[in-house]
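Residue 306 in my numbering sits at position 6 of the sequence shown, and the numbers go up by one each step. Built from N, CA and C at the ideal position, the CB exists for glycine as well.
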Amino acid sequence: MFTQQGLYKAELIELIKEEIERLKDNLCNGHGTPDFSEYRHQVGKLAGLKLALELAEVAETEASKKSRN
301 MFTQQGLYKA ELIELIKEEI ERLKDNLCNG HGTPDFSEYR HQVGKLAGLK LALELAEVAE
361 TEASKKSRN
């Protein structure tokens, strides 16, 4: 059973993953990238979202370590 915080975290991670997939699909299909600067912007958004997922994993690991102590 999820706590409110656990449910929030799970939902946020799922939303980030869905947005990554949406952006990847748009890039692969050429939608929303009329020029190179927009392409770079979309790639930057993807990188930022992937970094957010990585940081969420690091934060969870660190929180887990602290709760055991």
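Can you give me the C-alpha to C-alpha distance between residue i and residue j, rounded to a whole angstrom?
i: V358; j: E318; result: 20 Å
i: N329; j: R340; result: 15 Å
i: Q305; j: A347; result: 25 Å
i: S337; j: L312; result: 28 Å
i: F302; j: P334; result: 43 Å
If residue i sits next to residue j, beta carbons under 8 Å apart, how far is it from one beta carbon to the other, in whole angstroms?
i: I320; j: L349; result: 5 Å
What are the boundary residues of the alpha helix (DSSP H) that includes residue i?
i: N369; result: It is not in any alpha helix (DSSP H) - N369 carries neither H nor E in the DSSP assignment.
i: D325; result: 304-329
Mapping the DSSP letters down to three states, classify residue i as helix, strand or coil.
i: T361; result: helix
i: I348; result: Here the sequence assigns Gly to residue 348, which means Ile is not the residue at that position. Note: G348 maps to helix in three-state DSSP.
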